[in-house]
Amino acid sequence: MINTILPFLTLNTYKNTCKKGVKDRYENLITEIKMNCYGKFAHIYDNLINSDIDYSTWAKKIINICEKLNIDRENYLDLACGTGNMTEKLALYFKNTWAVDLSSEMLSEADIKLRNSGLKVNFICQDITNFELNRKFNLITCCLDSTNYILKESELQSYFKSVFNHLESNGIFLFDINSYYKITNILGNNTYTYDDENITYMWENYLEDDIVDMYLTFFIRHEDFYKRFDENHRERAYTCEYIESTLKNCGFRIVNKLDNYSDKTVTDTSERISYIVTKL
Numbered sequence: 001m002i003n004t005i006l007p008f009l010t011l012n013t014y015k016n017t018c019k020k021g022v023k024d025r026y027e028n029l030i031t032e033i034k035m036n037c038y039g040k041f042a043h044i045y046d047n048l049i050n051s052d053i054d055y056s057t058w059a060k061k062i063i064n065i066c067e068k069l070n071i072d073r074e075n076y077l078d079l080a081c082g083t084g085n086m087t088e089k090l091a092l093y094f095k096n097t098w099a100v101d102l103s104s105e106m107l108s109e110a111d112i113k114l115r116n117s118g119l120k121v122n123f124i125c126q127d128i129t130n131f132e133l134n135r136k137f138n139l140i141t142c143c144l145d146s147t148n149y150i151l152k153e154s155e156l157q158s159y160f161k162s163v164f165n166h167l168e169s170n171g172i173f174l175f176d177i178n179s180y181y182k183i184t185n186i187l188g189n190n191t192y193t194y195d196d197e198n199i200t201y202m203w204e205n206y207l208e209d210d211i212v213d214m215y216l217t218f219f220i221r222h223e224d225f226y227k228r229f230d231e232n233h234r235e236r237a238y239t240c241e242y243i244e245s246t247l248k249n250c251g252f253r254i255v256n257k258l259d260n261y262s263d264k265t266v267t268d269t270s271e272r273i274s275y276i277v278t279k280l
């Protein structure tokens with residue numbers, strides 16, 4: 001079972017408990033797992049992510065794109081918003097902001113953060129593959145490879161169709177993916193570790209049939225102890241060709257695709273690919 005808090009570990013026994021056995025894989029990602037895969041991770045998510053992601057630069061790039069395409073700053077929707085880092089940056093530019101995530105824990109963190117920032121955001125707990133908000137938006141975003149968490153082709157199509165149904169005729173949908181190259185070559189079957197004064201984690205990857213199973217073991221410092229918990233995540237590697245054909249079949253026109261959130265052209269070794277699309 002994922003997201004289980006294990007007993008406190010003393011510093012003396014920490015080194016003897018770091019080896020993590022390979023867990024049984026499961027073939028299908030059921031809704032319960034999708035709802036909980038960021039459960040206990042929510043409260044440390046920002047500490048890990050903020051050091052690697054420049055949200056301010058990403059947000060400025062997105063706003064520049066909106067300005068070039070003359071997008072109205074009326075209604076903004078952030079899908080798979082997590083703890084609201086991108087939501088917080090972009091909500092400053094729009095009159096009304098909604099944010100959707102399947103993790104209630106993530107939404108709780110986001111709500112506290114944005115209230116403290118004095119921002120009013122409508123947080124909704126729904127599945128991005130089949131959401132219904134009964135309104136349309138000028139800008140819809142889905143950042144930080146959340147699209148890769150959609151494992152089934154049918155759900156990817158449903159996700160794009162849901163976005164299409166909520167997008168204004170002259171609005172834009174901007175999302176990014178971990179590239180096929182990154183998932184199959186960099187994540188692949190590799191293991192990574194991270195260590196600082198307060199957080200240590202081990203990240204084991206197992207790749208099969210274009211799906212990478214990621215097993216993460218965290219040790220969070222708590223006074224003279226480390227608190228351990230485990231997270232399981234899965235991402236699917238999609239080729240650009242498949243993403244683009246699915247977008248077109250769902251009624252989208254691809255305005256541009258970028259290497260990460262830069263002005264660089266996408267190459268075979270690009271790790272993050274950002275798509276800017278609008279309705280046909």
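No gaps in the numbering here: position 240 of the sequence shown is 240 in full-length UniProt numbering, and each next residue is one more. Heads up, the beta-carbon is just placed ideally off N, CA and C, and yes, glycines get one too.
Residue range 85-91 is occupied by the alpha helix (DSSP H) that includes N85. Annotation: E231 to T217 spans about 7 Å, alpha carbon to alpha carbon. Shown here for I53: same chain residues with a beta carbon closer than 8 Å to its own, the five before and five after excluded, namely N85, L144 in chain order. In the structure shown, I128 falls within a coil segment according to DSSP collapsed to helix, strand and coil.
Contact between the stretch 112-120 and the stretch 171-184 is not established, with fewer than three Cβ pairs separated by less than 8 Å.
Secondary structure at K227: strand, using DSSP grouped into helix, strand and coil.
By the neighbour-count criterion, in which a residue is buried when 16 or more other Cβ atoms sit within 10 angstroms of its Cβ, Y192 is exposed. Of the residues E88, H166, V277, D263, the one whose Cα lies closest to the Cα of A110 is E88. Restricting attention to T129, L207, S169, R135, the CA atom closest to the CA of L69 is found in S169. Inter-residue distance for M214 and N260 is about 22 Å (C-alpha atoms, whole angstroms). When secondary structure is reduced to three states using DSSP, T265 falls in the coil class, being assigned neither helix nor strand. For N138, the CB contacts under 6 Å within the same chain, skipping 5 residues up- and downstream, are I71, D72, E74, N75, E168, G171 in chain order. Residues of the same chain with a CB within less than 6 Å of the CB of S270, apart from the 5 flanking positions on each side, are S179, D259 in chain order.
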